[in-house]
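Data first, discussion second: the structure below is written as structure tokens.
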Amino acid sequence: MKPNNIFSLLGLAMRAGKVVSGEFSTEKAIKTGKAFLVIVAEDASANTKKSFTDSCTYYQVPLRIYGTKEELGHHIGKQMRASLAVTDEGFGRELARKIDMQNNMEV
240 MKPNNIFSLL GLAMRAGKVV SGEFSTEKAI KTGKAFLVIV AEDASANTKK
290 SFTDSCTYYQ VPLRIYGTKE ELGHHIGKQM RASLAVTDEG FGRELARKID
340 MQNNMEV
């Protein structure tokens, strides 16, 4: 299980109405410029990861691979989710920073 501060921040963003989840909604948020950060589950399919990596690169949206589908879904109060987009710049920046810090500690 990963440290909870990232997931609790994600839950807070969800309660604030600043998270959209599921492939269709995430893709739409990227294309309409509403996404400030996209998170894809570590156990998402290779196709899903590639699709979001390509999309985020094209639209210049930060992308992080983090957590499992179960963890992501659980912490936003939904079923399993392979992808989600944070639609608030502050939450997006802070989540990306925390994920990067944790990934640097694991190296």
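The opening residue of the sequence shown carries number 240 in the numbering used here; numbering runs sequentially from there. Note that the Cβ used here is the ideal one computed from N, Cα and C, for glycine as well. Treat the numbers as computed from the prediction; the structure is a model and nothing was measured.
A distance below 8 Å between beta-carbons, with the five flanking residues on each side excluded, links residue 281 to the following residues of its chain, in chain order: 304, 305, 306 and 307.
Residue 324 carries a strand assignment under DSSP once its states are collapsed to helix, strand and coil.
One alpha carbon belongs to residue 325, the other to residue 339, and they sit about 16 Å apart.
In this chain, the beta strand (DSSP E) harbouring residue 260 covers 258-260. The three-state secondary structure of residue 269, taken from DSSP, is helix. With a beta-carbon spacing of about 6 Å, residue 279 and residue 288 fall inside the 8 Å limit used to define contacts. In the DSSP assignment, residue 304 falls outside any alpha helix (DSSP H) and within the unbroken beta strand (DSSP E) covering 302-304. Per the coordinates, the alpha-carbon of residue 315 lies some 13 Å from the alpha-carbon of residue 244.
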